[in-house]
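Q: Chains as they are written, first to last, in my numbering: chain F, 7 to 560; chain X, 5 to 321; chain G, 1129 to 1263.
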Amino acid sequence: MGEEDFTLKIREEQQLWREQQEQQQERPEPFTTVSGEPVNDLYTPADIAGLDYLKDLGFPGCYPYTRGVQSNMYRGRLWTMRQFSGFGDAFDSNRRYRYLLEQGQTGLSVAFDMPTIMGYDSDHPRALGEVGRCGVAIDSLADMEILFDRIPLDQITTSMTINGPAAILWCIYLANAEKQGVPLEKVGGTIQNDILKEYIAQKSWIFPPEPSMRLITDIFAFAARRVPRWNTVSISGYHIREAGSTAVQELAFTLADGFAYVEAGIKAGLDVDTFAPRLSFFFNAHLDFFEEICKYRAARRIWARRMKERYGARDPRSWMLRFHTQTAGCSLTAQEPENNIVRTTLEALAAVMGGTQSLHTNSMDEVLALPTEKAVKIALRTQQIIAYESGVANTIDPLAGSYFVEALTGRMEAAAEDYFRRIEELGGVLAAIDCGFFQQEIADAAYSYQQAVDRGERVVVGMNRFAGGELPQIELLRIDPAVERKQVERLQALREKRDAIAVAGSLERLKKAAAGPENLVPYILEAVKLYATEGEIVAALKEVFGEYREKPLF
Amino acid sequence: MQQLVEELLGGSRRALARLISIVENSDPRKYAILKELYPHTGRAYVLGVTGAPGSGKSSLVDRLLQLARRDGLTAGVIAVDPTSPFSGGAILGDRIRMQDHALDPGVFIRSMGTRGSLGGLSRAAGEAVQVLDAFGKDLILVETVGVGQSEIDIVKTADTTVVVLTPAGGDSVQTLKAGIMEIADIFVINKADLPGAERTAAEVNGMLEMKGGYAWRPPVVATVSTRDQGIEALWQVLADHRSYLEESGRLQAVRRERVRRELTEQVEHLVKSGVWDRIKTLAALENLLEDIARRRADPYSTARKLLEKINFPLAEE
Amino acid sequence: MERKIRVLVAKPGLDGHDRGAKVVARALRDAGMEVIYTGLHQTPEQVAEAALQEDVHVVGLSILSGAHMTLVPRIRALLDERQLRDVLLLVGGIIPADEAAELKSKGYAAGVFTPGEPLDAIINFIRAQASPAEV
């Protein structure tokens, strides 16, 4: 029987089966994914008619990488267990990092405090009350030396969640590695450095879009030459999702940002294969198990096809979409926080079955504060149990071929392509940001989700269904207010000790270079080695680049 | 209430804010307050800024405030955003574009919703201008919503009216609402770094040429408000228009018109409310309406009868 | 007389997460209130000054950065300095229960709303508590 006849026969039989269902009642809950996509009661071969195994799925490690980017995936090496972490000062965080490494974590991920993220030193008036509160305070190379004390940077890779001032923190990290005696060619890690999604979702911007893109292409060029093991951007969908987008929006907007970076690099005169292999991605793992898995698979297929066919990349590493995943912070509840352990487990499982390269699992108490040691240990154990006890890592892309999964993967890919068309019509990502396209889509999705929750249509266990009442009193991590005072004292001592004239000279040279086309990374490196502070370097660049102002949409 | 007025005249920003609210809320004390403040008004120069949503009016106002302050002028801003016809609520977000002036004591920024006013620019905005004027502001900028009648209404309140256009794709000058071309004293083409800016400027100039016969020929200024480009030129043109108005006596004529309108509107408002208040106590309106609906009576003679009943002096028919 | 409740929704400090603030702003608008949104990265002085100029009944702060124990008392003090004692100060965001209780018991915040509170709770609270303007 030919394929068309086969499909027809299945549909006929399905129709008969439906008629025989004798008007069975369905539960009142809407049968949609958490993003609102309708889900059928049943999927059959008819739903994936036309799927070509070799063309659309292929083998792991082979174009179009739908089934995974490495040919042996977790059989060769498990995903990196990389818990996002940081609080207080460098001493506090260094202790936590060494604890996590002892407990079996395999890579580091640095969370910076808000002043560091926004480019202010700990003694700046705007930093008051914020030092060390939601991440670690890093003002200069001196802090970085403490942060990685007893942590060998040639043996561990580090991901740093930093965007506006990414070039500066990267240079501080590289300078510290050199101080440890590790040559730059051996240094591995990632900087998030995804400024486009800042304008769209996370909002920790500093400079306007054009100079920000220039800094990014400078980083591409420098890394290609001197730091080849470094992932220069972590093109992020996590924050877009946390801001309230749907899964398809997360998929589409993230990849659109990725294409924009590729185009920027090419426009800056770089050969796509010199920088594309080092672009990486960062996705959210939300609660809808299958939707998330399909999202990752669609992402890999879309990226591979575009990189090869549209951007002409020839190096297979340019076609491979490698990604880190974090389980969804916005899916956690303050009520009955222990339930969050379960949520995180399901989300982590989806990320693993979707083929993630590295994973962070949230702790149960993160709706209330930064995680305690106990909570973060459970989160790490969650990954270890999945890896070693559940069996899912024994085989690659186990859900491939599922009628539901392949149908949904295809549908999400088509929906993403729709968004790409709309963005192109608006004139590209920067133009779309300027007219608020992404922000409006996200705001609408966030509002309708909240309404669905408030109406009880979208069930949140322990919160709007099976609710217990009182908020719990669990042990929480508290940041000692003395941290801020001590950090400020150290910073002031640093300013007195260093060669102020040399620092001032390096900042002047940086400003001059910023006004022209030269690569700024060497200038920033020079300044950080002289112990110029992050705030001083950012202030110097602000003089040349200006500051960004948003136009918010509701 | 008297105290609030005194505090306002003494320079209290809190009193200013409270009085604007009282006026906006149609509080019964409103007219007494406006009466008290009136002698202190007439000094401020009022600039109206209108144009389609998304044309960058707020950031343009922000840049103009910068120059006003540089030149030593104190300023007030009324930023109007649409009130939802369904809920009666509004999100007022224009302030965000004026962050640089947030802590400058010489700048006062007030956000207002249209609150169902059919005109788009509520009466309240005009009255808030009076309060700011009495407070002593040298310059008052009124930024309208930019849809509906508001773009035309702005001329009733402003000495100089600026219409902001953008070169946005497909937004040809031909598609502009009737009346827009007529009210502009100055045209600004904002976001002039986008493609099509020159074409838009040419279209505006073309239409102005066709009309001809101007005492003041509205200039067309290109700006990129987010990059601070063209703002000095715009400021100069504003100064030129003000000089023109003052030297030609047009300013006096414009303000006299405004005063005539204020008086007319106030008389009509008092008459209308006064008459209806009395009619309602005297007449069984619902019964009359029933009669009219059933064609036993007609609205024309019924109206006359009602007015006769309250001794309203009517002209002979 | 038309009396609309005016609410200032503010993001003080360096925290850039505005999903909650925007969802609340929209809900308050749909409930018939006038919402003035300050935008991100506001200093306490900017918040207080906006509250003064806009003559609001309520100031709603959204803080997810952990800096609430510094920011909330400071903003309350600045509001009081400007004779805005009657303005209700509400806080939402990531705030542990004991610190929320402290903010309320010390009179810094009239209400604290954490994740999981339905939007109606905020709307009803405001309608019940926002005081009419006095002269």
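Using N, Cα and C, we set each Cβ at its ideal position, and we do this for glycine too. These figures come from a predicted structure and were not determined experimentally.
Check whether the Cβ of residue 1219 of chain G lies closer than 8 Å to any Cβ atom in chain F.
A: With 8 Å as the cut-off, residue 1219 of chain G does not count as an interface residue toward chain F.
Q: When DSSP labels each residue in this structure, what does residue 23 of chain F get in the three-state scheme?
A: Helix at residue 23 of chain F.
Q: Might you give, ordered along the chain, the residues of its own chain that have their beta carbon closer than 8 Å to the beta carbon of residue 173 of chain X, omitting 5 neighbours on each side?
A: In this prediction, residue 173 of chain X scores a pLDDT of 49, lower than 50, which makes its location untrustworthy; the coordinate-derived value is nonetheless stated afterwards. Excluding positions up to five away in sequence, the list reads 200.
Q: On the DSSP letters alone, give me the boundaries of the beta strand (DSSP E) that residue 1221 of chain G sits inside.
A: First-last of the beta strand (DSSP E) with residue 1221 of chain G: 1216-1221.
Q: Can you tell me whether residue 174 of chain X is helix, strand or coil according to DSSP?
A: Reliability fails at residue 174 of chain X, whose pLDDT of 47 lies under 50, so the model's placement of it is uncertain and no value is given.
Q: Since residue 1167 of chain G meets chain X, which of its residues come closer than 9 Å, beta carbon to beta carbon?
A: Those are 97, 99, 100, 101 and 103, listed as they occur along chain X.
Q: Please list the partners that residue 373 of chain F has in chain G, where partner means a Cβ-to-Cβ separation under 9 Å.
A: The answer, in chain order, is 1222, 1242, 1243 and 1244.
Q: Determine, using beta carbons only, whether residue 560 of chain F comes closer than 8 Å to chain X.
A: Output row for residue 560 of chain F: interface = yes.
Q: Is residue 1251 of chain G close to chain X? Criterion is C-beta to C-beta, closer than 8 Å.
A: No, residue 1251 of chain G lies away from the interface with chain X (no Cβ there is under 8 Å from its Cβ).
Q: Just by C-beta distance, which residues in the segment 430-457 of chain F are closer than 7 Å to chain G?
A: So the list reads 449, 452, 453 and 456, given in the order they occur along the chain.
Q: Mind pulling the beta strand (DSSP E) runs of 3 or more residues that sit fully within the segment 200-241 of chain X?
A: The segment 200-241 of chain X contains these whole beta strand (DSSP E) runs: 224-226.
Q: How is residue 69 of chain F classed by DSSP in three states: helix, strand or coil?
A: If DSSP states are grouped into helix, strand and coil, residue 69 of chain F belongs with coil.
Q: Can you pull out the residues from the segment 535-557 of chain F whose beta carbon lies closer than 8 Å to at least one beta carbon of chain X?
A: Listed by position, the residues of the segment 535-557 of chain F near chain X (Cβ gap below 8 Å) are 555, 556 and 557.
Q: What is the DSSP secondary structure of residue 262 of chain X, reduced to helix, strand or coil?
A: Residue 262 of chain X falls in the helix class under three-state DSSP.
Q: Can you tell me whether residue 1263 of chain G is helix, strand or coil according to DSSP?
A: Legend: pLDDT at residue 1263 of chain G = 31, less than 50; position of this residue unreliable, value from coordinates given subsequently. Residue 1263 of chain G falls in the coil class under three-state DSSP.
Q: Closer than 7 Å by beta-carbon distance: list the chain G residues that pair up with residue 469 of chain F, in chain order.
A: Correct list: 1244.
Q: Is residue 128 of chain F buried or exposed, if buried means 16 or more other CB atoms sit within 10 Å of its CB?
A: With 16 or more other Cβ atoms within 10 Å, it is buried.
Q: Do you know how far the Cα of residue 370 of chain F is from the Cα of residue 377 of chain F?
A: If you take the alpha carbons of residue 377 of chain F and residue 370 of chain F, they lie about 8 Å apart.
Q: Rounded to the nearest angstrom, what separates residue 124 of chain X and residue 502 of chain F at their Cα positions?
A: Note that residue 124 of chain X has pLDDT 48, beneath the 50 cutoff, so the model's placement of it is unreliable and the number below is only indicative. So the two alpha carbons sit approximately 60 Å from each other.
Q: How is residue 273 of chain X classed by DSSP in three states: helix, strand or coil?
A: Residue 273 of chain X falls in the helix class under three-state DSSP.
Q: Among residues of its own chain, excluding the 5 on either side of residue 316 of chain X, which ones have a beta-carbon nearer than 8 Å to its beta-carbon?
A: Same-chain partners within the cutoff: 279.
Q: Can you have a look at residue 19 of chain F and say buried or exposed, based on whether 16 or more other CB atoms are within 10 angstroms of its CB?
A: Result: exposed.
Q: So residue 308 of chain F and residue 419 of chain F are supposed to be a Cβ contact under 8 Å. How far apart are they, rounded?
A: Right, their Cβ atoms sit about 6 Å apart.
Q: What is the DSSP secondary structure of residue 1247 of chain G, counted as helix, strand or coil?
A: Helix.
Q: Using three-state DSSP, classify residue 236 of chain F as helix, strand or coil.
A: Correct three-state label for residue 236 of chain F: strand.
Q: At the level of alpha carbons, what is the spacing between residue 113 of chain F and residue 9 of chain F?
A: Residue 113 of chain F and residue 9 of chain F: Cα-Cα distance of roughly 47 Å.
Q: Tell me whether residue 386 of chain F is buried or exposed, calling it buried when 16 or more other Cβ atoms sit within 10 Å of its Cβ.
A: It is buried - the Cβ of residue 386 of chain F has at least 16 other Cβ atoms within 10 Å.
Q: Is there a Cβ of chain F sitting closer than 8 Å to that of residue 1239 of chain G, yes or no?
A: No, because no Cβ of chain F sits closer than 8 Å to the Cβ of residue 1239 of chain G.
Q: Once DSSP output is grouped into helix, strand and coil, what is the label at residue 168 of chain X?
A: If DSSP states are grouped into helix, strand and coil, residue 168 of chain X belongs with the strands.
Q: With H, G and I counted as helix, E and B as strand and the rest as coil, what does DSSP make of residue 253 of chain X?
A: Three-state DSSP puts residue 253 of chain X in coil, outside helix and strand.
Q: What residues in the segment 179-211 of chain F bring their beta carbon closer than 7 Å to a beta carbon of chain G?
A: Those residues of the segment 179-211 of chain F that come within reach of chain G (Cβ to Cβ, closer than 7 Å) are 208, 209 and 210.
Q: Below 8 Å, how does it come out for the segment 138-152 of chain X and the segment 212-226 of chain X: are there three or more Cβ pairs, yes or no?
A: Flag = no, the segment 138-152 of chain X and the segment 212-226 of chain X do not touch.
Q: Could one say the Cβ of residue 177 of chain F lies closer than 8 Å to chain G's Cβ atoms, at least one of them?
A: No - not a single Cβ of chain G is within 8 Å of the one on residue 177 of chain F.
Q: How many angstroms separate the CA atom of residue 160 of chain F from the CA atom of residue 211 of chain F?
A: Cα-Cα distance, rounded: 31 Å.
Q: Give a yes or no on contact between the segment 1222-1239 of chain G and the segment 1189-1196 of chain G, applying the rule of three or more CB pairs nearer than 8 Å.
A: These segments touch.
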